[in-house]
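Residue numbers (the numbering used here): 14 to 387.
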Ligand code: ADP
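Next comes the structure, spelled out in structure tokens:
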């Protein structure tokens, strides 16, 4: 068995994209993958097949390795504590990761820190929800992603599915937001932080569709408030690695925290091609306790558009088409089977003119999604 520098739990595209800077830095990753051919297992030779909810499998991937980091936030906290007790360093640690795993814990902690959040409450019964008021956004505290476990509820009857799910629930006010922003920072164990430009993230059907960096026309004071918020949350929660703070910019110019992600995040994929140091490299540097790299942009604008499974089912066949049509688009494919709506890749274009960059990035993504430059 090779001498790995770090273990990564979860074989999705985030782990896959960590491998590129790991190659450059000479860091050997040992992967715990869900199967032999999942996205990251295709590119990381030292892959163990196993289940992130099984402690023995986590112990196997961590054997002889100091640092353990993650492709996702679903490793049970008690297993993370067991790894820590056995002398490994899960980064971020279980005390931090909890706030990315559980939306109720996150809301309670952020409220305690005085961080601006939507009005919220735990709701156990339809009566609790009625007392909270409508419209509301009801969320499962655990296990949701990409809009799953989130219900917009305008009247009591619409909450039936949420209550039937059996999940622990919170209700939030339905925020009338202008747009969604994301503030990302990388943080080392010693507290060193680097903040990325604050970006605008545009969702379709609860899934991130495109990201513009930096957020166009963002008030400078609001941008620094967002970055400060992310730095403060990272410090207060003792996050190590990348932290993404998803924010709402309200119609009246305030920031509210939506949720936290403690790993590289879809809203930071632009940084692979658009920043001096990508979020994946800084995640590795942070968890390995190495000096962080600058997060400055390489060009005035970067636009990332997700490739979500659509009419195009054979991405290989479309590759020459997109590369020929938009040669300067940076295409990232994740090696995943195309299924409707599934994130199977992304495209980034960087440049000086936002309208051009946006048009080219959308065109390239459309060629990989619908098969024509929609
Ligand atoms: P997930 O964990 O699935 O990403 P989120 O909590 O981020 O769930 O919610 C998904 C999307 O639902 C958000 O990106 C946003 O568009 C919308 N949303 C979430 N909470 C609210 C809210 N309180 N008010 C208005 N829209 C919301």
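Backbone N, C-alpha and C fix where the C-beta goes; we use that ideal spot for every residue, glycine too.
All values derive from a computational prediction rather than experimental measurement.
Handout entry: Contact the segment 169-187 vs the segment 208-216: 3+ CB pairs below 8 Å
Key = no
Exercise for the section: Could you tell me whether the segment 233-244 touches the segment 294-314, using the rule of 3 or more Cβ pairs below 8 Å? Expected result: no
Practice task
State the CB to CB distance for the pair residue 53 and residue 25, rounded to an integer number of angstroms; the pair is presumed to be in contact (CB under 8 Å).
Solution key: 6 Å
Handout entry: N- and C-terminal bounds of the beta strand (DSSP E) containing residue 101
Key = From DSSP, residue 101 is part of no beta strand (DSSP E); its letter is neither H nor E.
Practice task
Please specify which runs of the alpha helix (DSSP H), each continuous and at least 4 residues long, are wholly inside the segment 184-252, giving them in chain order.
Solution key: 233-250
Handout entry: Alpha carbon of residue 75 to alpha carbon of residue 97, nearest angstrom
Key = 11 Å
Practice task
Apply the 10 Å Cβ neighbour rule to residue 116 and answer buried if 16 or more other Cβ atoms are within range, or exposed otherwise.
Solution key: buried
Handout entry: C-beta contact flag for residue 312 and residue 364 at 8 Å
Key = yes
Practice task
Classify residue 91 as helix, strand or coil using the three-state DSSP reduction.
Solution key: Assignment of residue 91 by DSSP, reduced to helix, strand and coil, places it in the helix class.
Problem - Among 299, 55 and 263, nearest to residue 201 - alpha-carbon criterion - result: When 299, 55 and 263 are compared, the shortest CA-CA separation from residue 201 is found for 299.
Handout entry: Same chain, Cβ closer than 6 Å to residue 85, five either side skipped, listed in chain order
Key = 23
Practice task
For residue 291, collect the residues of the same chain with a Cβ closer than 7 Å to its Cβ; drop the 5 residues on either side in sequence, then sort them by chain order.
Solution key: The residues are 34, 284 and 285.
Practice task
Going by CA-CA distance only, name the one from 164, 339 and 155 that's closest to residue 180.
Solution key: 155
Handout entry: Which residues DSSP lists as bridging residue 120, in chain order
Key = Per DSSP, none; premise fails for residue 120.
Handout entry: Range covered by the beta strand (DSSP E) that runs through residue 271
Key = 268-274
Problem - Proximal residues to residue 317 (C-beta, below 6 Å), its chain only, five neighbours per side dropped - result: Spatial neighbours of residue 317 in its own chain (CB-CB distance under 6 Å, excluding positions within 5 residues in sequence) are listed in chain order as 224, 282, 283, 359 and 361.
Problem - Nearest residue (CA-CA) to residue 165, options 187, 137, 146 and 255 - result: Closest option to residue 165, Cα to Cα, is 187.
Problem - Proximity test, residue 157 beta-carbon vs ligand 1 heavy atom, cut-off 7 Å - result: yes
Exercise for the section: Check the DSSP bridge columns for residue 13 and list the partner residues they point to. Expected result: The first residue shown for the chain is 14 and the last is 387, placing residue 13 beyond what the model contains.
Exercise for the section: Would you kindly check if the distance between the Cβ of residue 139 and the Cβ of residue 176 is under 8 Å? Expected result: yes
Exercise for the section: Keeping to the same chain, check which residues put their C-beta closer than 6 Å to that of residue 126; ignore five residues upstream and five downstream. Expected result: 249
Practice task
Determine the direct distance from the alpha carbon of residue 111 to that of residue 276, and round the result to whole angstroms.
Solution key: 13 Å
Exercise for the section: Give the straight-line distance between the Cα atoms of residue 103 and residue 278, rounded to the nearest whole angstrom. Expected result: For residue 103 and residue 278, the distance between alpha carbons rounds to 18 Å.
Practice task
Have a look at residue 386 and residue 197 and give me their C-alpha separation to the nearest angstrom.
Solution key: 31 Å
Exercise for the section: Using 7 Å as the cut-off, classify the Cβ of residue 129 as near or not near the heavy atoms of ligand 1, replying yes or no. Expected result: Not a single heavy atom of ligand 1 lies less than 7 Å from the C-beta of residue 129.
Exercise for the section: Go ahead and pull the three-state DSSP assignment for residue 303. Expected result: coil
Problem - Per-residue burial, residue 137 [other beta carbons within 10 Å of its own, 16 or more giving buried] - result: Under this definition residue 137 is an exposed residue.
Exercise for the section: Give a yes or no on whether the C-beta atoms belonging to residue 334 and residue 380 are separated by under 8 Å. Expected result: yes
Exercise for the section: Name the two residues that bound the continuous alpha helix (DSSP H) containing residue 370. Expected result: In the DSSP annotation of this structure, the continuous segment of the alpha helix (DSSP H) that includes residue 370 starts and ends at 367-382.
Practice task
Look at the alpha carbon of residue 92 and the alpha carbon of residue 254, and state the distance between them as a whole number of angstroms.
Solution key: 19 Å
Exercise for the section: Name the one or two DSSP bridge partners that residue 360 has. Expected result: In DSSP, residue 360 forms a bridge with 318 and 344.
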